[in-house]
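Quick mapping for you: the protein sequence lines, in order, are chains W, S, R and A. The opening position of the first sequence corresponds to residue 78 in my numbering, with each subsequent residue numbered one higher. The opening position of the second sequence corresponds to residue 78 in my numbering, with each subsequent residue numbered one higher. The opening position of the third sequence corresponds to residue 78 in my numbering, with each subsequent residue numbered one higher. The opening position of the fourth sequence corresponds to residue 78 in my numbering, with each subsequent residue numbered one higher. Glycine included, C-beta positions come from ideal geometry on N, C-alpha and C. Note sheet for the following structure.
Number of protein chains: 4
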Amino acid sequence: MRQLCKGNVAVVKGAILAGCRAYYGYPITPASEIAEAAALYFPQVGGTFLQAESEVAAINMVYGAAAAGLRVMSASSGPGLSLMQEGMSYLAGAELPCVIVDIMRGGPGLGNIAPEQSDYFAMVKGGGHGNYRNLVLAPASVQEMADLTMLAFELADKYRNPVVILADGFVGQMMEPLELEDIEAQLPEKPWAVKGTPETRANLVTSIYLETDEMEAYQRQMEAKYIRAKEVEQRYELCHTDDAEVLLVGYGIISRVLLSTVEALRKDGVKAGLFRPITLWPFPAKALVEAASRVEKVLVVELSNGQMVEDVRLSLNGKVPVDFYGRVGGNGPSVQELKQQVFSLMEMAV
Amino acid sequence: MRQLCKGNVAVVKGAILAGCRAYYGYPITPASEIAEAAALYFPQVGGTFLQAESEVAAINMVYGAAAAGLRVMSASSGPGLSLMQEGMSYLAGAELPCVIVDIMRGGPGLGNIAPEQSDYFAMVKGGGHGNYRNLVLAPASVQEMADLTMLAFELADKYRNPVVILADGFVGQMMEPLELEDIEAQLPEKPWAVKGTPETRANLVTSIYLETDEMEAYQRQMEAKYIRAKEVEQRYELCHTDDAEVLLVGYGIISRVLLSTVEALRKDGVKAGLFRPITLWPFPAKALVEAASRVEKVLVVELSNGQMVEDVRLSLNGKVPVDFYGRVGGNGPSVQELKQQVFSLMEMAV
Amino acid sequence: MRQLCKGNVAVVKGAILAGCRAYYGYPITPASEIAEAAALYFPQVGGTFLQAESEVAAINMVYGAAAAGLRVMSASSGPGLSLMQEGMSYLAGAELPCVIVDIMRGGPGLGNIAPEQSDYFAMVKGGGHGNYRNLVLAPASVQEMADLTMLAFELADKYRNPVVILADGFVGQMMEPLELEDIEAQLPEKPWAVKGTPETRANLVTSIYLETDEMEAYQRQMEAKYIRAKEVEQRYELCHTDDAEVLLVGYGIISRVLLSTVEALRKDGVKAGLFRPITLWPFPAKALVEAASRVEKVLVVELSNGQMVEDVRLSLNGKVPVDFYGRVGGNGPSVQELKQQVFSLMEMAV
Amino acid sequence: MRQLCKGNVAVVKGAILAGCRAYYGYPITPASEIAEAAALYFPQVGGTFLQAESEVAAINMVYGAAAAGLRVMSASSGPGLSLMQEGMSYLAGAELPCVIVDIMRGGPGLGNIAPEQSDYFAMVKGGGHGNYRNLVLAPASVQEMADLTMLAFELADKYRNPVVILADGFVGQMMEPLELEDIEAQLPEKPWAVKGTPETRANLVTSIYLETDEMEAYQRQMEAKYIRAKEVEQRYELCHTDDAEVLLVGYGIISRVLLSTVEALRKDGVKAGLFRPITLWPFPAKALVEAASRVEKVLVVELSNGQMVEDVRLSLNGKVPVDFYGRVGGNGPSVQELKQQVFSLMEMAV
């Protein structure tokens with residue numbers, strides 16, 4: 078079925094197609110349409126939508142539903158995600174699958190409601206306490222808002238871990254055509270879940286391990302699955318990288334501006350290429366090393382003051398110079414502005 | 078005055094000497110002695126100690142007191158710090174000085190109460206939303222628990238920014254001699270504070286900037302001070318680095334095990350050196366590059382599954398191979414265990 | 078269907094038969110089996126059970142579901158009910174139907190978990206702010222725990238007002254035969270509800286009336302329905318009152334001890350009768366006046382230090398002497414003890 | 078010192094003169110000036126003012142400070158007081174002295190911010206759970222807002238029980254001359270308090286009594302002090318009652334309208350008198366019985382739909398007919414309106 082759809086609404090449609098039937102959250106601009114659409118659509122499929130007292134309450138309800146074996150989600154923006162950091166650490170620590178959507182807004186604190194990409198550290202490095210990882214997916218279109226949400230539920234169950242959809246306010250708010258197949262979600266068995274049934278009475282969902290050896294062994298087991306995920310879940314998109322001399326790297330909405338920039342640069346005779354990470358964790362390091370192997374320069378562009386650039390540098394480990402250009406506060410770079418950055422980087426006159 | 082003192086208590090003594098007169102928090106092992114000592118000592122100097130309803134309440138009380146111009150602090154461990162992430166982003170976003178102590182415990186979620194160093198990402202990269210930084214200090218002794226707390230209040234006021242004391246449970250719980258000078262704290266003027274007086278009525282403490290240009294300009298101004306801090310606030314300790322062939326890097330309690338390891342290795346003829354970051358943010362990259370300039374190998378050791386190692390790699394940018402060894406769950410590496418790691422790294426037989 | 082059932086479980090069975098499909102609460106002894114049974118049975122009939130963050134959260138979820146037109150309930154014991162007082166005033170003030178169960182425990186504050194009847198004032202006089210009334214039903218058996226719960230939902234919808242099931246811990250905890258008919262609940266139309274549909278978009282559920290005349294008119298309208306309820310909803314049970322010289326008055330579990338006392342007294346030649354209020358609000362004043370019209374003395378017995386006795390005195394208005402006997406803390410009076418009270422009241426030798 | 082002062086501010090001045098040094102609250106119209114004045118004046122005398130996260134947090138802070146032996150207070154209006162009902166039951170149950178001010182606003186739920194007297198039941202009968210009583214004082218002037226607040230702290234300590242100042246929004250908001258003597262408060266010893274000192278280490282402040290006999294004995298002990306208070310603390314004001322044929326009864330602002338009505342009626346030849354309860358609990362029943370002993374009719378006037386009238390009826394127990402007239406929503410009765418009520422009550426033509 079093809080339809081015109083808002084990014085935030087596409088998330089909910091994807092979630093429902095993925096078999097998600099429980100939503101707990103608290104509205105916040107620019108993520109509120111997710112709550113609104115969930116309030117509308119979840120009851121229609123026999124699911125639960127609940128606006129909680131606070132984001133702290135919401136994420137702990139997610140914990141409860143996930144422990145009971147449901148596909149469950151929440152969504153918010155920066156301040157709300159910060160309030161969820163304790164709960165997300167608990168979810169990861171108890172190996173509970175769930176999907177959390179962050180439609181990033183501007184600034185630390187209250188900031189503003191314009192788009193940014195400045196929650197990268199908080200979501201990708203892990204803003205909660207302890208050794209754990211979120212899997213993080215970065216959609217760049219309305220179609221991907223639905224598709225990656227569906228993928229997120231698959232990955233969440235595969236790795237028994239929270240998966241974050243990290244999108245900027247542009248992708249959340251814009252409308253584009255969306256094509257959805259009406260397929261029946263294949264829900265995995267969850268023999269570990271606590272369902273209030275006699276069979277699951279002995280199951281224990283917990284993150285407490287009082288003995289140090291037990292705690293270390295448990296973290297090693299978590300780490301092992303993170304290593305597995307790093308091997309097989311790196312996702313990315315390449316464009317014009319074969320002969321590129323300068324590689325532009327960006328995710329989400331920025332990748333679309335970078336594609337226009339690449340095309341404009343090529344018209345001007347500059348062999349530019351685009352590398353778009355789709356998974357932010359695991360970061361597509363192997364493909365990036367390969368894509369950057371023949372370029373002279375790498376330019377990372379973000380709607381932040383430089384966060385993902387650290388993962389680009391860690392991946393390339395000094396093999397190629399990595400430069401950064403960022404805009405913040407809701408402002409985005411124009412193609413002209415980025416061309417100028419590339420020219421100056423390549424030491425070319427405009 | 079020389080005394081035998083617990084690390085957690087030394088934090089409070091340092092805070093009081095620094096002129097801190099307001100403490101808002103909620104107890105959690107292994108940080109509870111900080112609350113206990115604050116409850117005892119703050120009232121004795123005319124200060125306020127308040128055990129709040131939750132960590133969310135506590136950090137917002139810190140915001141209020143900081144906005145009123147007081148030197149103010151809170152302390153907790155991992156789960157509590159996660160709950161404070163929203164408030165910390167607000168404090169940074171409103172440019173409010175405060176000191177937050179994290180006595181790290183084990184594991185994500187509930188975990189256990191044994192020491193770890195796994196909140197590095199959450200505190201150093203910034204677990205809250207938006208572009209902001211915490212300054213982060215890492216004491217390695219009871220003396221430093223007091224001294225770096227005093228420094229923390231200075232830096233907080235100098236940069237109008239939260240400063241985090243990031244200590245593992247070992248440093249928090251152990252007892253050592255502590256030497257304190259009874260000096261009068263020099264409290265800076267804070268003309269920006271909102272004190273409920275006619276003169277400060279027009280002052281506005283906020284993090285909201287609705288216009289994108291205004292929000293971008295404000296973040297550039299915040300960034301400028303972070304760049305200044307990076308230039309002048311990098312702190313570290315070196316040991317036997319002049320002729321080192323292998324450089325061991327660790328902070329907090331680990332740096333003390335590493336020093337023993339270095340000495341043991343040298344007895345075995347291995348020229349090992351120690352680099353101890355004291356500031357985790359800004360990370361002492363310049364000194365590390367210099368210290369690592371003549372070594373063959375770098376080994377980073379943490380009570381985590383590898384967090385600070387990213388900043389070591391970012392600093393060295395591929396110039397020297399960087400290896401990692403970590404223990405978690407409350408377990409710590411022995412000198413023998415670390416020697417073995419170095420031998421294998423240097424491809425030497427034991 | 079006849080079954081052996083616990084009082085607390087009977088409440089849930091009655092609620093489900095009455096068409097209630099949403100339960101929000103927080104467990105507390107001696108009401109916890111209600112939450113437990115609701116968690117088990119509500120999902121089986123496609124309903125929602127949610128354990129909220131706190132009683133404050135729970136009662137506000139009840140408000141939301143009631144505003145959406147659902148039959149909805151919560152249950153707790155004293156401390157939880159106290160936390161719900163603000164929400165109950167809001168529910169009454171917005172004319173929202175709901176059923177709230179109070180399984181009374183012992184003492185003010187934390188007290189103990191033994192049965193008492195000391196929340197009478199809080200539930201019957203109205204512990205929340207402002208002019209409003211709860212309708213209050215007092216079951217005295219497991220059968221009535223189910224039957225009066227079904228009635229409660231009818232009355233709640235009829236008067237658009239909260240209805241309280243006020244039961245002591247004895248009635249909540251004891252097991253007795255329960256006979257339930259499997260009837261289809263007749264749910265009334267609620268054209269005033271806000272259902273998220275286009276048709277109900279203009280509906281407004283609120284308790285705010287800024288203008289004084291408007292606020293007064295609204296309260297007069299509420300009062301009018303309370304006067305109506307007082308006329309037609311007084312419920313009670315009489316036993317041996319025709320020729321009684323002394324009238325014993327008690328509700329809930331006490332009424333059963335009083336019945337045994339009446340029978341024992343009659344064996345001793347004392348013409349005693351029993352008056353049992355079933356509705357505590359509206360209080361069955363008319364029937365009590367009638368029943369007391371020929372007696373010499375009235376003795377009110379409660380598991381409190383004297384609360385309902387005020388309504389007995391207000392009803393009789395000095396026409397007959399009203400005496401009181403109470404036990405508290407979880408202790409209940411024996412038949413022998415009560416006989417002794419009556420003897421001494423009637424100035425008879427034992 | 079004589080000054081022009083608002084009722085809400087007079088409360089704070091009285092509290093400070095009474096030696097109260099801790100205020101925890103949350104602002105709400107029409108009680109906000111109390112918080113505002115407390116924020117201004119408490120720090121000036123070395124006291125603590127704290128705006129809590131919610132009324133639930135505030136009342137539990139009051140519990141903490143009271144347990145530590147401080148004179149402590151809070152203030153709010155209807156909705157806030159409802160949220161404090163659990164805490165107030167805990168304070169009474171743990172026999173902790175404190176002063177709570179309720180500046181009553183209009184309506185149940187959100188209602189409006191105009192004056193009413195409709196929290197009488199919630200404060201006087203006890204809106205929290207369990208057998209306990211608040212002592213309740215009803216000021217009728219700005220001077221009494223200060224004087225009765227001072228008295229409230231005395232009574233709170235004398236009976237180790239919460240004392241409520243129950244005032245309507247008129248008395249809270251109006252300005253009148255206030256005369257205060259600058260006396261040193263005599264603070265009683267509190268050997269039962271928990272002060273964090275070695276001497277008080279064995280003290281236990283609690284309301285939990287698990288054994289039924291222990292719980293019953295404890296409640297009997299509480300009851301004994303309530304009986305004592307009933308004997309010696311009944312306070313009231315009489316006016317023209319000696320030869321009165323009709324007795325008007327009202328508290329707070331209404332008593333002032335009633336006085337004008339009495340004077341107007343006497344000009345018209347109607348022998349009217351005024352009875353003003355100053356303590357609402359204990360209710361001045363003895364004096365009321367005496368004052369009503371020679372009248373033909375009693376008219377109770379309230380800014381409610383009839384709450385205190387129950388205590389008047391309970392006191393007179395049918396000896397004199399008791400009629401009621403009430404206005405709500407922020408509307409108050411005029412003298413003319415009340416004269417008309419009396420005329421119609423006395424079956425006189427206007």
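When DSSP labels each residue in this structure, what does L187(A) get in the three-state scheme?
Residue state, collapsed to three classes: coil.
Return yes when the Cβ of W358(A) is within less than 7 angstroms of the Cβ of V178(A), no when it is not.
It is not a contact, given that the beta carbons lie outside the stated cut-off.
For F230(A) and E132(S), the rounded distance between their alpha carbons
Cα to Cα, the separation comes out at about 32 angstroms.
Where the stretch 345-369 of chain W meets chain S: residues whose CB sits under 8 angstroms from a CB there
Listed by position, the residues of the stretch 345-369 of chain W near chain S (Cβ gap below 8 angstroms) amount to none.
Supposed close pair L168(A), V122(A) - CB separation, criterion 8 angstroms
Separation of the CB atoms of L168(A) and V122(A) is rounded to 24 angstroms, and the pair is thereby denied contact status at 8 angstroms.
Mapping the DSSP letters down to three states, classify L225(A) as helix, strand or coil.
Under the three-state reduction of DSSP, L225(A) is assigned to helix.
If distances are taken between C-alpha atoms only, which option among C97(S), A199(S), L243(S) comes closest to I355(S)?
Distances from the alpha-carbon of I355(S) to those of C97(S), A199(S), L243(S) put L243(S) closest.
Would you check if there are 3 or more beta carbon pairs closer than 8 angstroms linking the stretch 304-321 of chain R to the stretch 412-425 of chain A?
Not touching, per the Cβ criterion.
Rounded to whole angstroms, what's the CA-CA distance from M78(R) to V309(W)? Just pull it up for me.
One C-alpha to the other measures close to 57 angstroms.
In the DSSP assignment, what are the bridge partners of W358(W)?
Within the DSSP bridge table, the entry for W358(W) names V213(W) as partners.
Give the single residue among A152(R), E172(R), S337(R) whose Cα lies nearest to the Cα of Y103(R).
Taking only the C-alpha atoms, the option nearest Y103(R) is A152(R).
Evaluate E288(W) with the Cβ neighbour count: other Cβ atoms within 10 Å of its Cβ, from every protein chain shown; 16 or more gives buried, anything less gives exposed.
With a 10 Å radius around the Cβ and a threshold of 16 neighbouring Cβ atoms, E288(W) comes out exposed.
Taking the alpha carbon of N238(W) as the point to measure from, which residue in R210(W), I190(W), V339(W), P216(W) has its own alpha carbon closest?
Measuring from the Cα of N238(W), the nearest candidate turns out to be R210(W).
CB-CB length for M165(A) against I136(A), believed under 8 angstroms
Rounded, the Cβ-Cβ distance is 7 angstroms, consistent with contact.
I'd like to confirm the pairing. Which residues does DSSP put opposite D179(A) in its beta bridges?
DSSP links D179(A) through a beta bridge to S153(A), L243(A).
What do you get for E221(S), buried or exposed, if any count of 16 or more other CB atoms within 10 angstroms of its CB means buried?
Its Cβ being crowded by 16 or more others within 10 Å, E221(S) is buried.
Within 8 angstroms of chain S by C-beta, residues of the stretch 203-234 of chain W in sequence order
Taking 8 angstroms as the Cβ-Cβ cut-off against chain S, the residues of the stretch 203-234 of chain W that qualify are G203, G204, G205, H206, G207, N208, Y209.
Which residue marks the beginning of the beta strand (DSSP E) containing G329(R), and which one marks its end?
No beta strand (DSSP E) holds G329(R); DSSP gives it neither H nor E.
Touch check for the stretch 277-286 of chain S and the stretch 187-205 of chain W: three-plus C-beta pairs under 8 angstroms?
By the Cβ test, the stretch 277-286 of chain S is in contact with the stretch 187-205 of chain W, since at least three Cβ pairs between them sit closer than 8 angstroms.
On the DSSP bridge list, what partners appear for C82(A)?
The partner list for C82(A) (beta bridge, DSSP) reads E253(A).
Near-chain S residues of the stretch 247-266 of chain W (beta-carbon distance less than 9 angstroms), N- to C-terminal order
Among the residues of the stretch 247-266 of chain W, none has a Cβ less than 9 angstroms away from any Cβ of chain S.
In chain order, what residues of the stretch 130-148 of chain W put their CB closer than 9 angstroms to some CB of chain R?
Per Cβ criterion, the list reads E130, S131, V133, A134, N137, M138, G141.
First through last residue of the beta strand (DSSP E) which encompasses A99(W):
Counting along the chain, the beta strand (DSSP E) containing A99(W) begins and ends at 99-102.
Below 8 angstroms on C-beta distance, what does N382(S) contact in chain W?
Result: N208, Q296, E300.
If we define contact as Cβ-Cβ less than 7 angstroms, is G170(A) a contact residue for chain R?
True, the Cβ-Cβ gap to chain R drops below 7 angstroms.
Compare the C-beta of Q162(R) with all C-beta atoms of chain A and state if any pair is closer than 7 angstroms.
Yes, because at least one Cβ of chain A sits closer than 7 angstroms to the Cβ of Q162(R).
At least one CB of chain R closer than 7 angstroms to the CB of L173(A): is that the case?
Look at L173(A): its C-beta is not under 7 angstroms from any C-beta on chain R.
Among all the DSSP beta bridges, which residues are the ones paired with G409(R)?
Paired residue(s): none; G409(R) is not in a bridge.
Can you give me the start and stop residues for the beta strand (DSSP E) that E314(R) sits inside?
For E314(R), the uninterrupted beta strand (DSSP E) segment begins and ends at 313-316.
Rounded to the nearest angstrom, how far is the Cβ of A144(W) from that of V271(W), given a contact under 8 angstroms?
About 5 angstroms separates the beta carbon of A144(W) from that of V271(W), a gap short enough to meet the 8 angstroms contact definition.
Using 7 angstroms as the limit for Cβ to Cβ distance, is P156(S) near chain W?
True, the Cβ-Cβ gap to chain W drops below 7 angstroms.
Would you tell me roughly how many angstroms separate the C-alpha atoms of G407(R) and V334(R), rounded to the nearest one?
Between G407(R) and V334(R), the alpha-carbon positions lie close to 15 angstroms from each other.
I believe G207(R) touches G170(R) by the beta-carbon criterion, under 8 angstroms. Please report the beta-carbon distance rounded to the nearest angstrom.
The pair is a contact, with the Cβ atoms about 6 angstroms apart (cut-off 8 angstroms).
Within 10 angstroms of the Cβ of H301(W), are there 16 or more other Cβ atoms? Answer buried if so, exposed if not.
In the sequence as displayed, the identity of residue 301(W) is Ala instead of His. A301(W) comes out exposed.
Please list the partners that G273(R) has in chain W, where partner means a Cβ-to-Cβ separation under 8 angstroms.
Residues of chain W passing the Cβ test: A116, L117.
Can the beta-carbon of V323(R) be found closer than 7 angstroms to that of K396(R)?
At a Cβ-Cβ threshold of 7 angstroms, V323(R) and K396(R) do not count as neighbours.
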